[in-house]
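Counting from 427, one number per residue, gives the positions in the sequence shown under our numbering.
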Amino acid sequence: MGPLRAAAARGLRRGGGGGRGAAPAAREGTKGSAARGGRPAPPAALHLFGDPAEVEALRGSLLAWYDECKRDLPWRVLAVTEPDVNRRAYAVWVSEIMLQQTQVATVIDYYNRWMQKWPTLQALAEASLEEVNELWAGLGYYSRGKRLQEAARKVVSELAGQMPRTAEDLQKLLPGVGRYTAGAITSISYGQVRAAGVRRGHISPRCHPAPLLARSCCWAWRAGGSLSFVPGSPWLCDASGNPCLWLQATGVVDGNVIRVLCRLRCIGADSSSPPVIDRLWAMANALVDRSRPGDFNQALMELGATVCTPKAPLCGECPVKQHCRARLRVEKELALASRKLLGKLPVVPDVEDCGVGGCPLCPSAAEPWDSSLGVTNFPRKAAKKQPRVEQTATCVLERRGRRGALEYLIVQRPSSGLLAGLWEFPSVPLAPGLQQEQQREVLVDHLQAWAGQPVAAGSLRFIGEVVHVFSHIHQTYVVYSLSLDGDVTLDLASSPSRWVTEEEFRASAVSTAMKKVLRACERQRGEESGPAKGSKRKRGAKPGAAGSTRPGTQLSLRTFLRAPNPP
Ligand code: SF4
């Protein structure tokens, strides 16, 4: 769901195949896209939900399916059972942040551990960034965890522990909360709809015109009167059918929703383009069920994750297939093709587009409908930007600790930028086109500057290359190792650093890439074990570099890394 999240740069969210996890890093990049000037022309009927009865039927079918088929997920349980509104909002918020760019199956374990460790905003606010990074390690996009914690601290210290109650305030006040997350929190944890209009005298002045929790504000409702929706109308009406509140609910748009809506309404233009994004948000806001906004939003995402999947949608099992125009189009195309085969004149009109020239929602002329793709003609998105290629030299420094266990030196990355604050083996970026010897020299220089002393290039052992693809970087780690003998005392004044055992390494806030690097070293060590087991000199430092030390002598790392004395 990666690219779709980029699409979501304007307010979207994730959306990938196997889970709600998948797409929107960028969707939260802006606080919404409504700020552009100019009102676009209304879209053609093909792309609209213009029939209120159809909208009502779609809501009913989707919610009935969701009630029966939804997956049991821990955050859904909390959203329903947690009585405290702040804790409920926090539980939903954490899940929404974790699910960005990450599959549901992966998130469940992280989510459970997180909520166990920090069950409240207050608990998270008191945690250190190091603890947050440790628990987040492996989820990727580490800034998400950092911002989540920053926002929790803000809620506790500046908002008296009260989560903002409206989508607007959530976006305005909390770092890392964009249009999608705000909509998800308010709809799922508050069941929130907004009073966009009221009948005079029917709403508490305390609440109007602020958004409200649906069941709390209208005096008619609070007095015990029954309010209900008139099908196809945004008005919530009293028992006599008098409109009381004009409700506007909060839809959500993530990668899954993009896919479902584009198929339901044959939207084939670039799904990351502003006109399409705006249309999809408008559509989601219009469709969302006023009485069960949270369930409806989750149902739409669930449909995209489990039925209307990117490559193999299960149209036969789809609860809204009767409302799907992509499916209708496929059926028409098939009917047309079979009539042509039989030599009959086509009675089904050719449905190439919506009939509006230059429609901003139809596929471009350069990318016409492809019959072989069926409904997966929709959605379409601009070609993904290729990640930039980078190389980094990395050195796994290892030693035997006091109890004989192997230990590794890790250093902390800067507090901003890629993988901010995480720990890694000493690493240095490489300029393109360097030969291996040159790469080795760059790494030696780095270690030397870090240790403040000359380092023997020959003591570095080449392990191999490890590739890790970040969202925007294709990173190749050129891995070396250096084994240190003797009881080494760390002597570093620069970046924070520490020696860790393998177990401690895995529990530390290290990236997945660094775990791959360690695995490569361990693999190499395994291949070299056996007859030559323990023979570090053969594969490591030059004779004399480390072995010239008397047993038990305390060495500083600087001393150890110093080039061997000339004979
Ligand atoms: Fe998606 Fe098929 Fe359902 Fe249409 S009918 S919404 S393409 S699963």
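We treat Cβ as the ideally placed atom computed from N, Cα and C, and that holds for glycine. Here the structure is a predicted model, which is why all the values come from computation and not from measurement.
Check the Cα spacing between residue 825 and each of 909, 716, 724, 552: the tightest is with 909. In this structure, residue 723 sits near residue 614, with a CB-CB distance shorter than 8 Å.
Counting along the chain, residue 544 sits inside no alpha helix (DSSP H), nor does DSSP assign it H or E at all.
Residue 925 sits in a strand when the DSSP states are folded into three classes. According to the DSSP assignment, residue 615 belongs to no beta strand (DSSP E), since it is labelled neither H nor E. Secondary structure of residue 493 (DSSP, three-state): helix. The alpha-carbon of residue 687 is positioned some 12 Å away from that of residue 711. Taking a contact as a CB-CB distance under 8 Å, the pair residue 512 and residue 571 does not count as one, their CB atoms being some 20 Å apart. Counting C-beta atoms within 10 angstroms of its own C-beta, residue 473 has 16 or more neighbours from the protein chains shown and is therefore classed as buried. Between the ligand SF4 and the CB of residue 705, the shortest heavy atom gap is not smaller than 7 Å. Rounded to the nearest whole angstrom, the C-alpha separation of residue 874 and residue 890 is 22 Å.
Residue burial annotation: residue 535 is exposed, with fewer than 16 other C-beta atoms found within 10 angstroms of its C-beta. For residue 482, no pairing in a beta bridge is given by DSSP.
With a cut-off of 7 Å, the C-beta of residue 752 is classified as near the ligand SF4, since at least one heavy atom of the ligand falls inside that distance. Straight through space, the alpha carbons of residue 728 and residue 581 are spaced by roughly 30 Å. Only residues of its own chain outside the window of five on either side were considered, and among them 851, 853, 903, 905, 943 have a CB closer than 6 Å to the CB of residue 820, listed in chain order. The beta-carbon distance between residue 550 and residue 578, rounded to whole angstroms, is 4 Å. This is short enough to meet the 8 Å contact definition.
Separation of residue 616 and residue 484 (C-alpha to C-alpha, rounded to the nearest whole angstrom) is 23 Å. The Cβ-Cβ distance between residue 818 and residue 856 falls below 8 Å. When the Cα atoms are used, residue 899 and residue 811 turn out to be separated by approximately 11 Å. Separation of residue 790 and residue 813 (C-alpha to C-alpha, rounded to the nearest whole angstrom) is 26 Å. Comparing alpha-carbon positions, the option among 693, 493, 609 lying closest to residue 714 turns out to be 609. Around the CB of residue 612, 16 or more other CB atoms lie within 10 Å, so the residue is classed as buried. As the crow flies, the alpha-carbon of residue 766 is around 15 Å from that of residue 756. DSSP, read as helix, strand or coil, puts residue 898 in coil. Closest by C-alpha distance to residue 938, out of 750, 786, 870, 559, is 559. Shown here for residue 750: same chain residues with a beta carbon closer than 8 Å to its own, the five before and five after excluded, namely 689, 690, 741, 744, 801 in chain order. Straight through space, the alpha carbons of residue 475 and residue 933 are spaced by roughly 51 Å. Residue 824 is bridged by DSSP to 834, 909. The alpha-carbon of residue 849 is positioned some 31 Å away from that of residue 606.
Between the ligand SF4 and the CB of residue 747, the shortest heavy atom gap is smaller than 7 Å. Excluding residues up to 5 positions away in sequence, 550, 553 lie with their Cβ nearer than 7 Å to the Cβ of residue 544 in the same chain. Around the beta carbon of residue 547, 16 or more other beta carbons lie within 10 angstroms, which makes this residue buried. Here the region 494 to 502 lies against the region 526 to 534, with 3 or more beta-carbon pairs under 8 Å apart. Placement of the Cβ of residue 733 at a distance of less than 7 Å from at least one heavy atom of the ligand SF4 is found. Counting only residues of its own chain and dropping the five nearest sequence neighbours on each side, residue 870 has a CB closer than 6 Å to the CB of 881, 883.
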